[in-house]
Amino acid sequence: MDLKQELESLKDEVIAQINNAQDLEGLNKIRVEFLGKKGKLKSILKTLGKLSPEERKEIGQIANKLKDTLEQLIKEKETVLKEKALEQQLKNEQLDITLPSKWIKAGSSHPVISTLIEITEIFKSMGFSVKEGPEIEDEKYNFDMLNIPKDHPARDMQDTFFLNNGKVLRTHTSPVQIRTMLKQKPPISIVAPGRVYRKDADPTHSPMFHQIEGLLVDKNVTFKDLKGVLQIFLESVFGKDIPIRFRPSYFPFTEPSAEVDIGCTVCGGEGCRVCKGTGWLEILGCGMVDPNVFKAVNIDPDIYSGFAFGLGIERIAMLKYRITDIRLLFTNDIRFNKQFKGIR
Ligand code: FA5
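Residue numbers (my numbering): 414 to 757.
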């Protein structure tokens with residue numbers, strides 16, 4: 414077979430293969446096989462050198478024309494195959510928008526966190542800013558600088574989790590008072606929410622629970638200011654008609670100190686199991702900052718005064734939602750948690 418015939422039969426073969434190509438991948442293989450660097454056309458052209466100059470010119474022209482024709486055909490086929498591929502893709506991805514969608518169950522906040530956020534927001538609306546402190550705390554901040562002497566029962570092994578490195582798991586959020594006053598000079602008005610730990614476990618006490626601390630320091634702050642702030646807070650959480658009473662109490666870091674009770678939300682003040690028949694429920698501790706605490710942080714108690722308070726978030730959540738066992742808040746029983754969906 415002479416070269417002309419060879420090129421002619423190559424043309425027929427390639428055209429047949431292009432026509433039969435089913436996809437872009439197959440078409441590319443044809444391109445490489447016939448027109449590529451090591452393709453059949455190239456290898457035919459390599460033999461051109463053996464021909465006379467006239468024949469070389471003629472065959473060269475035929476080969477170039479063939480190359481152009483085949484490239485053109487491949488290009489056209491490529492367009493057709495691309496369209497076909499797109500059509501197929503659109504067919505496969507067709508959506509039936511009338512089908513019902515998958516039902517994704519929405520989560521919701523845990524009642525302790527909802528309560529914590531609600532309380533924090535109320536104090537923020539009164540101008541308090543939010544501070545946080547570490548849960549692994551120095552004894553100095555958790556006790557000493559809060560005027561809790563070494564022999565105070567709160568430092569007892571039964572209440573406090575002591576760590577090997579000489580630190581403690583903070584037993585209350587009050588150390589944030591010290592950390593704040595060391596860094597910031599009055600006027601100060603902060604709340605500090607967070608987790609605290611005690612060796613305590615029964616229906617109303619948990620080894621880990623949440624508190625929110627409040628501290629306000631300025632000139633001429635009085636007990637009246639403390640009562641006003643706590644009254645606004647308690648009315649915001651429990652409603653305008655909630656009965657409130659201040660009972661004298663003792664905390665080493667406040668003087669005078671008080672505990673605040675609200676009328677029992679379960680029996681409405683008549684006396685029940687939850688309020689142990691008294692009609693009242695203890696909700697928080699508070700008082701005027703003790704001068705010894707001011708001295709420990711270098712604030713002059715003759716110029717400044719202040720109040721502080723600390724309340725248990727779980728206690729408030731339990732009263733608000735009438736939960737009778739604190740442990741329900743931490744067992745993560747989905748049947749319990751689900752009941753608070755949509756609260757916040
Ligand atoms: C304190 O922890 C003081 N630091 C509060 C304070 C701050 C007083 C600032 C004055 C000035 P107390 O130990 O009473 O106080 O705890 C405060 C609240 O935490 C209690 O009223 C109660 O609501 C809650 N609480 C205490 N122990 C537990 C516990 N084991 N589980 C759940 N809540 C608790």
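Positions of the beta carbon are idealized from the N, C-alpha and C atoms, including for glycine.
Through-space distance from residue j to residue i, alpha-carbon basis
i      : j      : result
Asp631 : Arg583 : 27 Å
Ile675 : Leu639 : 16 Å
Met621 : Asp569 : 17 Å
Lys442 : Leu486 : 14 Å
Glu668 : Asn560 : 11 Å
Ser538 : Gln502 : 56 Å
Lys463 : Asp481 : 24 Å
Glu489 : Ala476 : 20 Å
Glu419 : Gln507 : 48 Å
Ala567 : Phe574 : 11 Å
Residue i CB to nearest heavy atom of the ligand FA5 below 6 Å
i      : result
Thr667 : yes
Phe622 : yes
Ala721 : yes
Phe664 : yes
Ser587 : yes
Ser542 : no
Glu550 : no
Neighbour flag for residue i against chain D, beta carbons, 7 Å
i      : result
Phe707 : Structure shown: chain D not included; a single protein chain is present.
Limits of the beta strand (DSSP E) - the one that residue i falls within
i      : result
Val702 : Trp693 to Val702
Ser602 : Ile601 to Tyr610
Ala671 : Thr667 to Gly676
Val630 : Met621 to Asp631
Arg660 : Ile657 to Phe664
Phe720 : Ser718 to Gly725
Exposure of residue i, with buried meaning 16 or more beta-carbon neighbours within 10 Å
i      : result
Arg592 : buried
Lys544 : buried
Thr586 : buried
Asp703 : buried
Asn555 : buried
Ser514 : exposed
Arg660 : exposed
Tyr717 : buried
Near the ligand SAH: residue i beta-carbon under 6 Å from a heavy atom
i      : result
Gly520 : Here the bound small molecules are the ligand FA5; the ligand SAH is not part of this structure.
Limits of the unbroken alpha helix (DSSP H) element including residue i
i      : result
Met594 : Pro588 to Lys596
Contact between the segment 431–446 and the segment 487–500: three or more CB pairs below 8 Å? yes
Segment contact flag, the segment 602–613 with the segment 666–682, C-beta cutoff 8 Å, min 3 pairs: no
Looking at C-beta atoms only, is the number of pairs between the segment 517–526 and the segment 707–715 that lie closer than 8 Å three or more? no
Are there three or more Cβ pairs, one per stretch, closer than 8 Å when the segment 735–746 is compared with the segment 645–656? no
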